[in-house]
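**Student:** Protein chains in written order, with this note's numbering: chain U, 36 to 77; chain Z, 172 to 323; chain L, 17 to 235. All C-beta atoms, glycine included, are put in the ideal place defined by N, C-alpha and C. Bear in mind that the values here come from a model prediction, so they are computed numbers and not experimental data.
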Amino acid sequence: MDHWGFILAAYGIAALLLGGYWWRAERRIREAERALREERSR
Amino acid sequence: MSWRRKFLLGGLVIAAALSWVVYAGLRGSMVYFVTPSELLAQGGAAAGKAYRVGGMVVEGSLDRDLPTLQLSFALTDGRATLPVRFRGTPPDLFAEGRGAVVEGTYAGDGVFLASTIMAKHSEEYHPPADAEPGYKELMRTLLKPGEGEAAK
Amino acid sequence: MGRPLGVVTLLALAVGLGAAFGWAPRDAVQGNVQRIMYLHVPAILTAYAAIGVAFVASLAYLRGRDPRWDRLAHASVEVGVLFTAITLVSGSLWGRPTWGTWWTWDARITTTALLFIIYLGYLLLRSVVEDPERAATYAAVVAIVGALDIPIIHFSVEWWRTLHQPATLLRPQAPTMAAPMVATLLLNLAATLCLYAFLVRRRMRLAVLEAEARARRWR
Numbered sequence: 036m037d038h039w040g041f042i043l044a045a046y047g048i049a050a051l052l053l054g055g056y057w058w059r060a061e062r063r064i065r066e067a068e069r070a071l072r073e074e075r076s077r
Numbered sequence: 172m173s174w175r176r177k178f179l180l181g182g183l184v185i186a187a188a189l190s191w192v193v194y195a196g197l198r199g200s201m202v203y204f205v206t207p208s209e210l211l212a213q214g215g216a217a218a219g220k221a222y223r224v225g226g227m228v229v230e231g232s233l234d235r236d237l238p239t240l241q242l243s244f245a246l247t248d249g250r251a252t253l254p255v256r257f258r259g260t261p262p263d264l265f266a267e268g269r270g271a272v273v274e275g276t277y278a279g280d281g282v283f284l285a286s287t288i289m290a291k292h293s294e295e296y297h298p299p300a301d302a303e304p305g306y307k308e309l310m311r312t313l314l315k316p317g318e319g320e321a322a323k
Numbered sequence: 017m018g019r020p021l022g023v024v025t026l027l028a029l030a031v032g033l034g035a036a037f038g039w040a041p042r043d044a045v046q047g048n049v050q051r052i053m054y055l056h057v058p059a060i061l062t063a064y065a066a067i068g069v070a071f072v073a074s075l076a077y078l079r080g081r082d083p084r085w086d087r088l089a090h091a092s093v094e095v096g097v098l099f100t101a102i103t104l105v106s107g108s109l110w111g112r113p114t115w116g117t118w119w120t121w122d123a124r125i126t127t128t129a130l131l132f133i134i135y136l137g138y139l140l141l142r143s144v145v146e147d148p149e150r151a152a153t154y155a156a157v158v159a160i161v162g163a164l165d166i167p168i169i170h171f172s173v174e175w176w177r178t179l180h181q182p183a184t185l186l187r188p189q190a191p192t193m194a195a196p197m198v199a200t201l202l203l204n205l206a207a208t209l210c211l212y213a214f215l216v217r218r219r220m221r222l223a224v225l226e227a228e229a230r231a232r233r234w235r
């Protein structure tokens, strides 16, 4: 009746999806900021 | 034809296919299940056909034969009662006096042969009489595996 | 910067998870597996909110063609699709041990899958149409029409026979749930809404940077 595996999987997948999305967004923000800085200094 | 346009065309084809799948699924799910009285009203015309039937498991009707995993019970909608036979393990929440949806075929002799049992649960949630805060529950089930069955 | 909002989100998530696992009692009928609800229900309500924001922002964009409204709609749909995916996955993981099935085509689940597909289509459309203004206009129309699916999802459990149970929280009467469980649900809803706002802000920041880079290239 407990199914901790299912509970863990549900919360784990949610954390992976949200964390992955955030991680990717931050990386793209850093890249875009760097690209803009380089262009301005040129 | 540019590759962009090809991509768009491909996307449209995929979207059309997906919408068809969803449309077909939705059409089927409008009448997601029939009730025992609706099924029995069809009489002989229902024999041998596949159905999804939903109802309450009649109190006292559940009979389990553990060695063969044979399960028999009756589903009711208050007006008619349908005897059901099933082989396998039903879901946790399947029990007498609760709702269930079964998939299978209607045998001519008045019995429904189910291949799948799904338990329908109510929208009510409440703690059991011996409720304890969640963290104690967690510790207990983690430290002593197998004791979690005490829930039922 | 999104720093204060980020900190609030992190705290809210910690409180919400703490309540879901440390405070809320086990459910009498389902046992501990019912704790998936504290993820599943806030996720879909946040998805509704996200699509609702995209609906309003898309209307505003079509009226004044201000690219800021379009960026809000786009970011909101992206995060909304993410929360819809989490709803579908957590629902499946909840359905398997309780209902006895990972998936079934009942009206509630089918219309929720439809919501996911519509807004996935929205994102695909944006990536395919090259001209940003045309892409924004087409996408706004999809976002507005697609939002009509939300009331259908909500009332599906009342209009049709479903395997899914009726609403516990969003109903005219009092919730059919013990008070600590309702409180835990609301705490987690607050946390996912904060997370939604945080992610949308970061996504909009990225969109601003990308728009600036595009403008420089054209010069």
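Tell me the residue span of the alpha helix (DSSP H) that contains GLY55(U).
**Tutor:** For this step, residue 55(U) is matched to residue 20 along the first sequence. Start and end: 39-76.
**Student:** By DSSP's criteria, ASP263(Z) is part of a beta bridge. Which residues make up the other side?
**Tutor:** Position 92 of the second sequence, counted from the first residue, corresponds to residue 263(Z). None; ASP263(Z) has no bridge partner.
**Student:** Output the boundary residues of the beta strand (DSSP E) element that contains LEU324(Z).
**Tutor:** Lying before the first or after the last residue shown, residue 324(Z) is absent from chain Z, which here runs from 172 to 323.
**Student:** If distances are taken between C-alpha atoms only, which option among PHE283(Z), GLY270(Z), MET227(Z), ARG258(Z) comes closest to GLY215(Z)?
**Tutor:** Here residue 215(Z) is taken as the residue at index 44 of the second sequence, counted from 1. Taking only the C-alpha atoms, the option nearest GLY215(Z) is PHE283(Z).
**Student:** In whole angstroms, give me the CA-to-CA distance for ASP234(Z) and LEU242(Z).
**Tutor:** Counting from one through the second sequence, the residue named residue 234(Z) turns up at place 63. Counting from one through the second sequence, the residue named residue 242(Z) turns up at place 71. Using only the alpha carbons, I get a separation of about 6 Å.
**Student:** Compare the beta carbon distance of THR58(L) and LEU185(L) with 7 Å and say whether it is the shorter of the two.
**Tutor:** On the third sequence, residue 58(L) is found 42 positions in, with the first residue counted as 1. On the third sequence, residue 185(L) is found 169 positions in, with the first residue counted as 1. A small correction: the amino acid at residue 58(L) is Pro; Thr does not occupy that position in the sequence shown. No, the pair does not count as a contact, with Cβ atoms beyond the cut-off.
**Student:** When we look at the beta-carbon of MET197(L) and count the other beta-carbons within 10 Å, is it buried (16 or more) or exposed?
**Tutor:** Residue 197(L) sits at position 181 when you count from the first residue of the third sequence. The residue is buried, with at least 16 neighbouring Cβ atoms inside 10 Å.
**Student:** Between the beta-carbon of ARG221(L) and the beta-carbon of ILE64(U), is there less than 7 Å?
**Tutor:** Counting from one through the third sequence, the residue named residue 221(L) turns up at place 205. Counting from one through the first sequence, the residue named residue 64(U) turns up at place 29. The answer is yes: Cβ separation under 7 Å.
**Student:** Of all Cβ atoms in chain Z, is any one closer than 7 Å to the Cβ of MET17(L)?
**Tutor:** Along the third sequence, read from residue 1 onward, the residue named residue 17(L) stands at position 1. Here MET17(L) scores only 49 on pLDDT, less than 50, and its place in the model is too uncertain to base an answer on.
**Student:** Using a Cβ distance threshold of 8 Å, determine whether the segment 258-276 of chain Z contacts the segment 160-175 of chain L, with at least three qualifying pairs required.
**Tutor:** Touching, no.
**Student:** Return the chain-ordered ranges of every alpha helix (DSSP H) run that is complete within the segment 115-181 of chain L and spans a minimum of 4 residues.
**Tutor:** You should have 123-144, 148-162, 165-175.
**Student:** Could you name the residues that DSSP lists as bridge partners for GLU294(Z)?
**Tutor:** Locating residue 294(Z) in the second sequence gives position 123, where the first residue counts as 1. In the DSSP output, where bridge partners are listed per residue, GLU294(Z) has none listed.
**Student:** Please specify which runs of the alpha helix (DSSP H), each continuous and at least 4 residues long, are wholly inside the segment 45-106 of chain L, giving them in chain order.
**Tutor:** For the segment 45-106 of chain L, whole alpha helix (DSSP H) runs of length 4 or above, ordered along the chain, are 53-80.
**Student:** Could you check what DSSP says for PHE204(Z) in three-state terms: helix, strand or coil?
**Tutor:** As a working note, residue 204(Z) is residue 33 in the second sequence. Looking at PHE204(Z) - three-state DSSP - the assignment turns out to be coil, as it is neither helix nor strand.
**Student:** In chain L, what lies closer than 9 Å to LEU309(Z) by C-beta?
**Tutor:** The residue labelled residue 309(Z) in the question sits at position 138 within the second sequence. Within chain L, the residues near LEU309(Z) are PHE37, GLY38, ASN48.
**Student:** Could you tell me the alpha carbon to alpha carbon distance between GLU320(Z) and PRO191(L), rounded to whole angstroms?
**Tutor:** Residue numbering aside, residue 320(Z) sits at position 149 when the second sequence is read from its first letter. Residue numbering aside, residue 191(L) sits at position 175 when the third sequence is read from its first letter. Its pLDDT being 46, under 50, GLU320(Z) is placed unreliably in this model, and the value from its coordinates should be taken loosely. C-alpha separation (whole angstroms): 28 Å.
**Student:** On the three-pair Cβ rule with 8 Å, is the segment 64-79 of chain L touching the segment 147-160 of chain L?
**Tutor:** Enough Cβ pairs lie closer than 8 Å, so yes.
**Student:** In the structure shown, what three-state DSSP assignment does THR192(L) receive?
**Tutor:** The residue labelled residue 192(L) in the question sits at position 176 within the third sequence. THR192(L): coil per DSSP, three-state reduction.
**Student:** How about THR178(L) and ASP122(L): do their beta carbons lie closer than 7 Å?
**Tutor:** The residue labelled residue 178(L) in the question sits at position 162 within the third sequence. The residue labelled residue 122(L) in the question sits at position 106 within the third sequence. Contact flag set, yes.
**Student:** By DSSP, does PRO20(L) sit in helix, in strand, or in coil?
**Tutor:** Here residue 20(L) refers to the residue found at position 4 of the third sequence. PRO20(L): helix per DSSP, three-state reduction.
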